[in-house]
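Contents: one structure, followed by commentary.
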Amino acid sequence: MRKGTLKGIAALGLSGLALAEGVNGADTAWMLVSTALVLLMTPALAFFYGGLVRSKNALNTMMMSFAALAFVGVGWALLGYTLAFGQGSPLLGGLDHLFLKGVGLEAKGTIPHVLFLAFQGTFAIITAALVSGSVVERMRFPAYLAFLTLWGLLVYAPVAHWVWGGGFLGALGALDFAGGTVVHINAGVAALVGALVLGARKDYGRQAILPHNVPFTLLGAALLWFGWFGFNGGSALAANASAALAFANTMLAPAATLLVWTLLDLLRTGKATAVGAATAIVVGLVAVTPAAGFVSPLSALLLGALAAFPSYYVLLWRARTRLDDSLDVFAGHGVGGITGALLTGVFAEKSWNGVADGLLFGNPAQLGIQAVAVGVAILYSALATFLLLKLVGLLTPLRAGPKEEGVGLDVSQHGEEAYTSGEGAILLLSEKAPAVPSLRPKGGEA
């Protein structure tokens, strides 16, 4: 190939990759990293949840998170994004971006529009996946896939529009930096409804149901914390001071939650558990999410410390009831999100965020606005989730049968096992498998 041709190809390539007018290179670089970090959080959630269930359900539980990458991800690109961020009414976005129409390399803020689409899509994916923790070990996988897809479109997308896409809660002045209301309250309440609709596992309350791999859960918590720097820091949508503040608060608040949680464990039982530590980290991350770019680092420490108490005691209360929210999604994400959203209205400080003060800094009305947003999210998520589960239940059974639960959902739903002994514990044969010819001699033959 001639040298001039190579120069021409290089020039064409460089011109094709030029940033559109209004797009900032530094902001784009940070948002590329943040999008990858948030996407990593869904596989991280798979490890977090997967370690908490029994070994016979490990793959099924992890697949519930991985499936969200496909079903919610594609749904978001084709329809969910326009419902959340399209130009529409205060209740729902319009269809101007249906099937990715008008989503290209043009500026959306200071980053390419297509990158904004991808970043927001990672939020939709993990939010829907969070709900799975309340229905593990008993929900049929086909029913889960149908529910997951519909929930991402009809529950997550509208709430995202209300807060971030030009909807009525954002116009009211609700502060939700990275998803306390949109992500965690929404998913936590949906998880609670899911647990109630499906009912308890057949072994719940009859035998000990113990985590099969706590190191998996710790690994998941570590990767979640790592990814959360993109979750919160990236929600500034730029490489700026707001991102730096959110980044620092994402480190500090969970540390404070973990400290308080550990002390509560030691005071109550004399032992600090690894599962408790992993749970505390997630609770702290959830609580600081709505506040990350709105409060000072000192306030983030205090918020994280305070957030440990309600989630810790709701978790203990739930364990004494017949409510089988299997992995305590409501205690962690629902209660943690409510706590964080309300405390944002207490600790918000305009000198740090440039937007609004909270109760402690002379603006008590902000706490009331936060309470309205929390109440709206709870009511809508609960009602819509209930209706969707009933709708899916009309089309296909929601629950696995007792025998399927007994053998485990890895085998009954996926035809494979996470762990085997020797050559494998269970052999699955199709009903249409060809008959094995007999090796016995026929009558009269030697």
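Counted the way mature numbering (1 follows the signal peptide of the UniProt record, and there is no 0) counts, the sequence shown spans residues -20 to -1, 1 to 426.
We put the beta carbon where it would ideally sit given N, CA and C, even for glycine.
Q. What are the boundary residues of the alpha helix (DSSP H) that includes TRP208?
A. 194 to 213
Q: Check whether the segment 42 to 52 touches the segment 215 to 232, taking contact to mean three or more Cβ pairs, one atom from each stretch, closer than 8 Å.
A: no
Q: Output yes or no for whether 7 Å exceeds the beta carbon distance between LEU39 and ALA357.
A: no
Q. Can you tell me whether PRO92 is buried or exposed, with buried defined as 16 or more other CB within 10 angstroms of its CB?
A. buried
Q) Starting from THR269 and walking both ways along the alpha helix (DSSP H), at which residues does that stretch end? A) Premise fails: THR269 is in no alpha helix (DSSP H) and is neither H nor E.
**Q.** Spatial neighbours of VAL416 in its chain, beta-carbon cut-off 6 Å, leaving aside the 5 residues before and after
**A.** With a pLDDT of only 48 at VAL416, under 50, the local geometry of the prediction cannot be trusted, and no value is derived from it.
Q) Taking Cβ positions, are SER114 and SER306 nearer each other than 7 Å? A) yes
Q | Cβ contact (3+ pairs, closer than 8 Å) linking the segment 329 to 340 and the segment 269 to 281 | A | yes
Q: From the DSSP output, in three-state form, read off PRO421 for me.
A: Residue confidence for PRO421 is low, a pLDDT of 49 falling below 50, so the modelled location carries little weight; the figure read from the coordinates is stated next. In the structure shown, PRO421 sits in coil (DSSP, three-state: anything other than H, G, I, E or B).
Q) Is LYS330 helix, strand or coil by DSSP? A) helix
Q. In three-state DSSP terms, what is PRO344?
A. coil
Q) Does the segment 142 to 153 touch the segment 120 to 129, meaning 3 or more C-beta pairs lie closer than 8 Å? A) no
Q.
Given a cut-off of 7 Å on the beta-carbon distance, is the pair THR319 and GLN350 in contact?
A. no
Q. Once you ignore the five residues that flank LYS251 on each side, which residues in its own chain have a CB closer than 7 Å to its CB?
A. Cβ-Cβ distances below 7 Å link LYS251 to ASP245 in the same chain, with the five nearest sequence neighbours on each side left out; the list follows chain order.
Q. With burial defined as no fewer than 16 other Cβ atoms inside 10 Å of the residue's Cβ, what is the status of SER69: buried or exposed?
A. exposed
**Q.** Close-in-space but distant-in-sequence residues of the same chain around ALA288 (CB under 7 Å, 5 per side omitted)
**A.** In the same chain as ALA288, and ignoring 5 residues on each side of it, the C-beta atoms closer than 7 Å to its own belong to THR237, VAL240, TRP241, LEU244, ALA260, VAL263, in chain order.
Q) So is VAL387 buried or exposed if we call it buried at 16+ other beta carbons inside 10 Å? A) exposed
Q. Per DSSP, which one or two residues make a beta bridge with LYS88?
A. ILE91
**Q.** Beta bridge counterpart(s) of ARG379 as assigned by DSSP
**A.** MET119
Q. Is it buried or exposed for SER361, if we count other Cβ within 10 angstroms and need 16 for buried?
A. buried
**Q.** Beta-carbon proximity check, PHE206 vs GLY30, cutoff 7 Å
**A.** no
Q | The alpha helix (DSSP H) enclosing PHE274, as first and last residue numbers | A | Per DSSP, PHE274 belongs to no alpha helix (DSSP H) and is neither H nor E.
Q | Segment contact flag, the segment 12 to 32 with the segment 202 to 216, C-beta cutoff 8 Å, min 3 pairs | A | Because the criterion of three Cβ pairs below 8 Å is met, the segment 12 to 32 and the segment 202 to 216 touch.
Q. Looking only at its own chain, which residues have a Cβ that is under 6 Å from the Cβ of GLY160, when we skip the five neighbours before and after it?
A. Answer for GLY160: THR269, PRO270, GLY317, GLY320, ALA321, listed in chain order.
**Q.** For PRO191 and ALA254, the rounded distance between their alpha carbons
**A.** 11 Å
Q. Is VAL173 near THR365, with beta carbons less than 7 Å apart?
A. yes
(Q) I'd like to know whether the C-beta atoms of THR107 and ALA167 end up nearer to each other than 7 Å. (A) yes
Q: Report all residues from its chain with a CB closer than 7 Å to the CB of residue 428; omit the five preceding and five following residues, and keep chain order.
A: There is simply no residue 428 to check, as the chain begins at -20 and stops at 426 in what is shown.
Q) Candidates LEU389, THR41, ALA171: which alpha carbon is nearest ASP308's? A) ALA171
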